[in-house]
Amino acid sequence: MDEIAADLGRQPAVEDLDPADLAVYKPRRGETPLWDFPDGTLHAREVAAYEISAALGWDLVPVTVRREDAPFGPGSLQRFVPHDPEQHYFWLLEHGETEVIAQLVAMVVFDLVIDNADRKGGHVLLEHPVGDTPPDDAAPRIRLVDHGVSLSVEPKLRTVGWHFAGEPVPTDLRQDVARLAEQVDDTLGPRLTGLLSAPEIAVLADRLRRLPELEVFPEPQGERPFPWPLL
0 MDEIAADLGR QPAVEDLDPA DLAVYKPRRG ETPLWDFPDG TLHAREVAAY
50 EISAALGWDL VPVTVRREDA PFGPGSLQRF VPHDPEQHYF WLLEHGETEV
100 IAQLVAMVVF DLVIDNADRK GGHVLLEHPV GDTPPDDAAP RIRLVDHGVS
150 LSVEPKLRTV GWHFAGEPVP TDLRQDVARL AEQVDDTLGP RLTGLLSAPE
200 IAVLADRLRR LPELEVFPEP QGERPFPWPL L
């Protein structure tokens, strides 16, 4: 009884929550102003990246929504991914199974689609199933986070994902991009309205039309093709 009474009088703590109940909240008011992105738009780009991932059918970005009534004002709310921080992109390249490597390849294409300006190795997570007894057939899943500096009107690609340069782009991924390119006006575009500007959506549509023609992954380009720090 004493233990029960002690628990009843204790303030709830983060460790009391189930990981499935956690989310990452990024309020607009907490964004650092950047010279090359419009102020107050980073949280919206997080949501836009999720919408694009979902439309492609790749399930790479955790569910992300925009909330207007959050504690610190409007912002993005993203499902928390249980993971080991040591199992980042570079670790996965060395230790990942075939299906994990295939998901990393999809990540590279996704970053080309959204023109990701900051794909660090630590933004690539290997999701750990929640619970003491995960299903035996639970496949390892890669999740991608931190897309606030993406989807600009100007080319800004900076990524750690150059390891596949010169290798063929899988046909199925190119077909998925081509399919989405045909749906921009009817389905994807309306979902991105209010998250991105009209010029940003137009530039995205142009990338979606051009990328299916890409037969091999490109080599690093520009003065700063890598993010810093890498993790």
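According to the numbering used here, the sequence shown holds residues 0 to 230 in order. Just so you know, even glycine gets a beta-carbon here, dropped at the ideal spot from N, CA and C. Values in this document were obtained by computation on a predicted structure and should not be read as measured data.
Taking DSSP as the reference, what is the three-state secondary structure of residue i?
i, result
"residue 159", "coil"
"residue 203", "helix"
"residue 173", "helix"
"residue 126", "strand"
"residue 112", "helix"
"residue 167", "strand"
"residue 97", "helix"
"residue 2", "Here the model assigns residue 2 a pLDDT of 49, short of 50, so the residue's position is not dependable, and the following value carries that caveat. Reduced to three states, the DSSP call for residue 2 is helix."
"residue 132", "Unreliable positioning characterises residue 132 in this predicted model, as indicated by a pLDDT of 48, which lies under 50. The coordinate reading is nonetheless provided below. Three-state result, residue 132: coil."
"residue 21", "coil"
"residue 223", "coil"
"residue 148", "coil"
"residue 179", "helix"
"residue 80", "coil"
"residue 91", "helix"
"residue 229", "coil"
May I ask you to list the residues that DSSP assigns as paired with residue i?
i, result
"residue 231", "There is simply no residue 231 to check, as the chain begins at 0 and stops at 230 in what is shown."
"residue 186", "DSSP, once it has assigned bridges, lists no residue as partnering residue 186."
"residue 33", "36"
Taking the continuous beta strand (DSSP E) assigned at residue i, which residues delimit it?
i, result
"residue 143", "140 to 143"
Are residue i and residue j touching if we call contact CB-CB under 8 Å?
i, j, result
"residue 86", "residue 144", "no"
"residue 36", "residue 151", "yes"
"residue 163", "residue 216", "yes"
"residue 141", "residue 182", "no"
"residue 98", "residue 139", "yes"
"residue 160", "residue 41", "no"
"residue 81", "residue 45", "no"
"residue 24", "residue 69", "yes"
"residue 65", "residue 226", "no"
Which two residues bound the contiguous alpha helix (DSSP H) that contains residue i?
i, result
"residue 44", "41 to 55"
Under 8 Å between C-beta atoms, does residue i make it to chain B?
i, result
"residue 162", "The displayed structure is made up of one protein chain only, and chain B is not part of it."
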